[in-house]
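Only one structure is covered here, and it is reproduced in the block below.
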Amino acid sequence: MSTVDVAIVGGGYAGLAVAHFARRRGLRPLVLERDERPGGKVLSRREAGAVVELGPLGFLDKEPAITEMAADLGLRPVAAAPAEKVRYLLHRGRITALPSGPWSFLTTPFLSPAARLRVLAEPFVPARRDGGDESARDFARRRLGRGLADAIFEPFVSGVYAGDPARLSAPAAFPLLAGWERDHGSLTVGAIRHLRDRARRRKAGEPVGSGRLCTFPGGLLELAEAGARSLGDAFRPGCAAAAARRDGGAWVVLDRAGAELARAPELVVACPAPAAAELLAAESPALAAAVAGVRGDPLCVVAALFRREQVREDVDRGFGFLAARSEGFRPLGVQFAHAIFPDQTPAGLVQLRVLIGGAFDPEAHALDDAGLYEACYGPLRGLLGLAGEPLRTWTRRVMGGVPQYELGHLERMATVAAEADRLGGLHFAGDSFGGVGVVKAFARARAVAAALRGGGGS
Ligand SMILES: Cc1cc2nc3c(=O)[nH]c(=O)nc-3n(C[C@H](O)[C@H](O)[C@H](O)COP(=O)(O)OP(=O)(O)OC[C@H]3O[C@@H](n4cnc5c(N)ncnc54)[C@H](O)[C@@H]3O)c2cc1C
481 MSTVDVAIVG GGYAGLAVAH FARRRGLRPL VLERDERPGG KVLSRREAGA VVELGPLGFL
541 DKEPAITEMA ADLGLRPVAA APAEKVRYLL HRGRITALPS GPWSFLTTPF LSPAARLRVL
601 AEPFVPARRD GGDESARDFA RRRLGRGLAD AIFEPFVSGV YAGDPARLSA PAAFPLLAGW
661 ERDHGSLTVG AIRHLRDRAR RRKAGEPVGS GRLCTFPGGL LELAEAGARS LGDAFRPGCA
721 AAAARRDGGA WVVLDRAGAE LARAPELVVA CPAPAAAELL AAESPALAAA VAGVRGDPLC
781 VVAALFRREQ VREDVDRGFG FLAARSEGFR PLGVQFAHAI FPDQTPAGLV QLRVLIGGAF
841 DPEAHALDDA GLYEACYGPL RGLLGLAGEP LRTWTRRVMG GVPQYELGHL ERMATVAAEA
901 DRLGGLHFAG DSFGGVGVVK AFARARAVAA ALRGGGGS
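Residue 481 is where the sequence shown starts when you use the working numbering, and the numbers rise one by one after that.
Shown next as structure tokens:
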């Protein structure tokens, strides 16, 4: 058993970042990680001369905590190829570029003339400022009209949450958009002010980042591995926490057999909601019940390498494409990984990543590997002109998928915050609590590390 300043349950990006920034403050952290490796959802395979991402693909360079931690550990992010900015949607069976500016918006085939006018009228839609909850689907339809909400917003929600817009809470899952309505009365006005503000801050020399999609030369796992390595014995793999209880002024973390794993005045819960609920069930049933309300559906990644001559369509032209459900295309989206990060795929090869599962297809994970491959790549034979068998495939099932911030999420988080306050020394990081995605994991982790008691400088 170890007595430390802060016990951290979960060694994904969030837990590792909390540990890193806590150490920078002079605190002694201990990360307990259930798996034998760090990284959690982040999983990069370096095989067949390629870097293959089987979790997140990259992160947007807009959170200084990522670049700072990377720099501390001797790593430098690499930016995606400029083509990455070009995004596509499947539209009537064709891979069609999303509008990238006002002119292409006016001519986009995704929206009827009436739907376009409706979007242009967005600033005149009365703002809702009552602070109440609303589904992401209703929010998008109310502000932007049904045309854009169903044709573009729904696949965008799939791309971020693999979720159902009718169940996700707009203020919880899309706080930036909800904030634009609340603060500026309009998404259009909010977006313009947001861009202006970023430009002003960049000019003033503030670290706002390039906004480009980034990774590390050896994939995203490189940062997790470096973070774990730098912690030495303070990163403990193969160490599942089963319960946490208050003992005097300390938190004691126990394994399934009841043995003490760590004792610390501060506890950071950086594991997914189901594990967090189990961890805290004995200490606070109310907190555990609120946490258990953050659910997720299995999400699968099937990556494959092909020789370039096996692919008829131009798959160098951008990021890849998402599909609205109305297209009848089973996967959530397809990424042209070799075109996004060209250095991560050998010359002459094409690397595709297909995501399948999520809220609308929660049973996809039950297919065997061959079935999953067929569900993902079968439809691409015609669409991309794929011929023959891949040189190599990789399949990963992420059982908890992406946490869904469904209606009532903010209320659940208020209960979590109140109970954490009552118990004392308890903090929550990670994507079940602090926002989905790599950027939010780091932003929240740094804030949590700053809020820990004790230690010296920053
Ligand atoms: C397929 C997929 C694609 C994605 N794509 C992107 C993307 O392109 N860009 C982006 O920004 N985000 C993406 N995301 C989201 C992003 O991966 C996550 O939001 C982020 O990695 C979350 O990190 P985390 O540390 O909060 O959680 P996790 O990575 O889930 O880490 C939690 C850790 O807790 C450990 N743990 C669980 N139970 C216990 C226990 N009892 N005791 C100890 N440890 C425990 C787990 O093993 C795990 O290591 C994607 C997610 C998925 C699933």
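Beta carbons are placed, not taken as given, at the ideal position from N, Cα and C, and that holds for glycine.
A quick note: this is a predicted structure, and the numbers were derived from the prediction, not measured.
Range of the contiguous alpha helix (DSSP H) that encloses residue i
{"i": "residue 922", "result": "918 to 931"}
{"i": "residue 597", "result": "593 to 600"}
{"i": "residue 582", "result": "582 to 587"}
{"i": "residue 766", "result": "765 to 772"}
{"i": "residue 760", "result": "753 to 760"}
DSSP-derived helix/strand/coil call for residue i
{"i": "residue 654", "result": "coil"}
{"i": "residue 634", "result": "helix"}
{"i": "residue 527", "result": "strand"}
{"i": "residue 489", "result": "strand"}
{"i": "residue 482", "result": "strand"}
{"i": "residue 742", "result": "strand"}
{"i": "residue 673", "result": "helix"}
{"i": "residue 911", "result": "coil"}
{"i": "residue 663", "result": "helix"}
{"i": "residue 614", "result": "coil"}
{"i": "residue 514", "result": "coil"}
{"i": "residue 578", "result": "coil"}
{"i": "residue 495", "result": "helix"}
{"i": "residue 537", "result": "coil"}
{"i": "residue 624", "result": "helix"}
{"i": "residue 640", "result": "helix"}
{"i": "residue 603", "result": "helix"}
{"i": "residue 505", "result": "coil"}
{"i": "residue 680", "result": "helix"}
{"i": "residue 934", "result": "coil"}
Expected contact under 8 Å - CB spacing of residue i and residue j to nearest Å
{"i": "residue 840", "j": "residue 815", "result": "Not quite, the Cβ-Cβ distance comes to about 19 Å (not below 8 Å), so this is no contact."}
{"i": "residue 917", "j": "residue 751", "result": "Incorrect: roughly 17 Å between the Cβ atoms, too far for contact."}
{"i": "residue 804", "j": "residue 629", "result": "No, residue 804 and residue 629 are not in contact; Cβ-Cβ is about 10 Å, not under 8 Å."}
{"i": "residue 524", "j": "residue 700", "result": "6 Å"}
{"i": "residue 566", "j": "residue 797", "result": "6 Å"}
{"i": "residue 575", "j": "residue 801", "result": "5 Å"}
{"i": "residue 724", "j": "residue 760", "result": "6 Å"}
Proximity test, residue i beta-carbon vs ligand 1 heavy atom, cut-off 7 Å
{"i": "residue 878", "result": "yes"}
{"i": "residue 655", "result": "no"}
{"i": "residue 916", "result": "yes"}
{"i": "residue 495", "result": "yes"}
{"i": "residue 487", "result": "no"}
{"i": "residue 931", "result": "no"}
{"i": "residue 906", "result": "no"}
{"i": "residue 491", "result": "yes"}
{"i": "residue 751", "result": "yes"}
{"i": "residue 521", "result": "yes"}
{"i": "residue 842", "result": "no"}
{"i": "residue 509", "result": "no"}
{"i": "residue 835", "result": "yes"}
{"i": "residue 781", "result": "yes"}
{"i": "residue 811", "result": "no"}
{"i": "residue 643", "result": "no"}
{"i": "residue 798", "result": "no"}
{"i": "residue 724", "result": "no"}
{"i": "residue 743", "result": "no"}
{"i": "residue 512", "result": "yes"}
{"i": "residue 882", "result": "yes"}
{"i": "residue 515", "result": "yes"}
{"i": "residue 911", "result": "yes"}
{"i": "residue 774", "result": "no"}
{"i": "residue 718", "result": "no"}
{"i": "residue 573", "result": "no"}
{"i": "residue 606", "result": "no"}
{"i": "residue 579", "result": "no"}
{"i": "residue 536", "result": "yes"}
N- and C-terminal bounds of the beta strand (DSSP E) containing residue i
{"i": "residue 907", "result": "906 to 908"}
{"i": "residue 647", "result": "Careful: residue 647 lies outside any beta strand (DSSP E) and carries neither H nor E."}
{"i": "residue 723", "result": "723 to 727"}
{"i": "residue 734", "result": "730 to 734"}
Closer than 7 Å: residue i CB and nearest ligand 2 heavy atom
{"i": "residue 539", "result": "Ligands displayed in this structure: ligand 1; ligand 2 is not among them."}
Short CB-CB distance (under 8 Å) between residue i and chain C
{"i": "residue 519", "result": "The structure shown has no chain C; it contains just one protein chain."}
If we require 3 or more residues per run, which beta strand (DSSP E) segments fall completely within the segment 782 to 828? 800 to 803, 813 to 816
Extract the residue ranges of the beta strand (DSSP E) inside the segment 541 to 576, only unbroken runs of 3 or more that lie entirely within it. 567 to 571
Segments of 3+ residues assigned as beta strand (DSSP E) that fall wholly inside the segment 683 to 715: Whole beta strand (DSSP E) segments, 3+ residues: 693 to 695.
Could you tell me which whole alpha helix (DSSP H) segments of length 4 or greater appear in the segment 817 to 897? 817 to 820, 849 to 863
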